[in-house]
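Comments concern the structure below.
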Amino acid sequence: MPLGSDPLSELAIPDGTTVEEHDLVTDGDVIIGGQSTIEFGVRGRSVIADERVRFGGHIEAEGDCRLDMWCDVEDNVLVGEDAYIGERVHIGGELRVAGDLDIGDDVDIENGFEANGWIVIRNPMPTIVFLFVYLSQLLRIGEDDAAQDLVEEMLGEDDDQKPILIPRGASVSDDAWRVSTPATIGDDCRLHGNIRAESLEVGRDNVIFGSLRGREDVVVGKGTEIKGDVTTRNGDVRVGPGAKIWGDISASTVELHENATVDGKIRARDGMRMHTDEVLSRPDESAAAMAEMAEELEAADDDGDDAETDEERETATDTDDTEEVEADETEADETAADDEAAENTPDDTESTEEGENEPETDGDAAEASE
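Counting from 18, one number per residue, gives the positions in the sequence shown under the numbering used here.
The following block contains the structure:
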């Protein structure tokens, strides 16, 4: 995201976000703009709230938790790492921090607090001011790359799990999500409440227990269920394959996939058309996962082929060595046989000498008999 853009200019719900028993649950961070109301409890990796944010439940943060001035939390605040609590914050339960605690003046914690690290009583700099000052210093000394890395780290752009971004002045409850900005919902989410925004883009395979209403375009992705109406005042509605709308659709133009289902009525002032296209331009995570799996299998097959080739080479080498050894043994046996045959064969010279001596022996015997 460019440094000049506003990270809280839209409601952004990442993939896999769910609402469980009045808790907003995500594996990533939660970043909330000022003067917002969150009737849910919040569970995430790190929780950052601007000034005057009111929570209707508890906060559970695996990482850090930063609450700016005048924030109000109805229940407990549990922090897995460090906590930064601004002045005049009210916590209706207890505060437990596994790391260090920076706490401001006039903080009201009804059931006390506990921290395993250092406890510093001071007024932590508000989050927005802190980020502004830090980024200004980095840009002033020419560390543009470091500033960009900081923004990406805060927004989770290099992370597999994107953060929940709730814009300034939002109202989030079990009844409705109301924002005055565009809203983007990821894939595989399960949300409760009607969603009201300037425009809406709902991803794939979601379940929304409520209706969608926007002033501009509304897009419903593949396999998503909307258990309510889909309405836009001035824009169009596009519905993807396998999506199901349990209520009515009302828009200027309605583009409905041929495999989508609408249980209610369709009101299109400027007409309606059927289509067979995908309605979202974002990459399909399932397709990417399948491609990655195919690459891994192909790599495994290549490794197997290489292993087989190595085994074949080793086998061929062993066979050649065996043949050479057998050939050497055969030559040695033939040489030994030739030597033995040569030893057993009588010498011609000796035979001749023995033959010459035999007559002489016979003559001597005749003379002796005379």
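A virtual CB, placed ideally from N, CA and C, is assigned to each residue, including glycine.
Could you tell me the distance, in whole angstroms, from the CA atom of residue i to the CA atom of residue j?
i	j	result
F226	S190	12 Å
D287	L273	14 Å
V59	T35	11 Å
E233	G252	4 Å
A193	I120	33 Å
S22	E79	Unreliable positioning characterises S22 in this predicted model, as indicated by a pLDDT of 46, which lies under 50. The coordinate reading is nonetheless provided below. Each residue's Cα considered, the two are about 28 Å apart.
V106	G129	13 Å
R290	D99	54 Å
S53	Q178	23 Å
V237	A115	42 Å
L155	E215	34 Å
I138	I30	35 Å
F57	L25	19 Å
A260	G203	15 Å
To which residues does DSSP link residue i through a beta bridge?
i	result
G61	A78
H39	Answer by DSSP bridge pairing: none, since H39 is not bridged.
I283	I266
E242	V224 and K261
Measuring only between beta-carbons, confirm whether residue i sits less than 8 Å from chain B.
i	result
T54	No chain B appears in the structure shown, which is made up of a single protein chain.
Enumerate in chain order the residues of its own chain whose CB-to-CB distance from residue i is below 6 Å, with the five nearest sequence positions on each side excluded.
i	result
V42	T35 and R60
E37	none
D205	D32, G33 and D222
V224	R207 and E242
P376	Note that P376 has pLDDT 42, beneath the 50 cutoff, so the model's placement of it is unreliable and the number below is only indicative. Excluding residues within five positions, none has a Cβ falling inside 6 Å.
R284	S267
I126	I108 and L112
V271	V254, I283, A285 and M289
T249	G231, V235 and A268
Just confirm the distance between the C-beta atoms of residue i and residue j, as a whole number of angstroms; I'd bet it's less than 8 Å.
i	j	result
W87	R69	5 Å
D246	G281	7 Å
A164	L28	Their Cβ separation, rounded to whole angstroms, is 25 Å, which puts A164 and L28 out of contact at 8 Å.
G186	G50	7 Å
E111	V124	So it is not a contact: roughly 13 Å between Cβ atoms.
V96	D81	7 Å
What residue range does the beta strand (DSSP E) around residue i cover?
i	result
V271	V271 to H274
S298	No beta strand (DSSP E) holds S298; DSSP gives it neither H nor E.
S267	I266 to A268
L25	Element bounds for L25: n/a, residue is neither H nor E.
T453	In this structure the chain extends from 18 to 387, so residue 453 is not present and cannot be described.
W194	A193 to R195
T201	A200 to I202
A214	N211 to A214
Excluding the 5 residues preceding and the 5 following residue i in the sequence, name in chain order all residues of the same chain whose CB lies nearer than 8 Å to its CB.
i	result
W135	D117 and L118
G45	P31, G61, R62, G173, D176, Q178, K179, P180 and I181
W263	E242, I243, K244, G245, D280 and G281
For residue i, collect the residues of the same chain with a Cβ closer than 7 Å to its Cβ; drop the 5 residues on either side in sequence, then sort them by chain order.
i	result
T369	Residue placement at T369 is flagged as unreliable, the pLDDT there being 38, under the threshold of 50; a coordinate-derived value is accordingly withheld.
S197	G186 and E215
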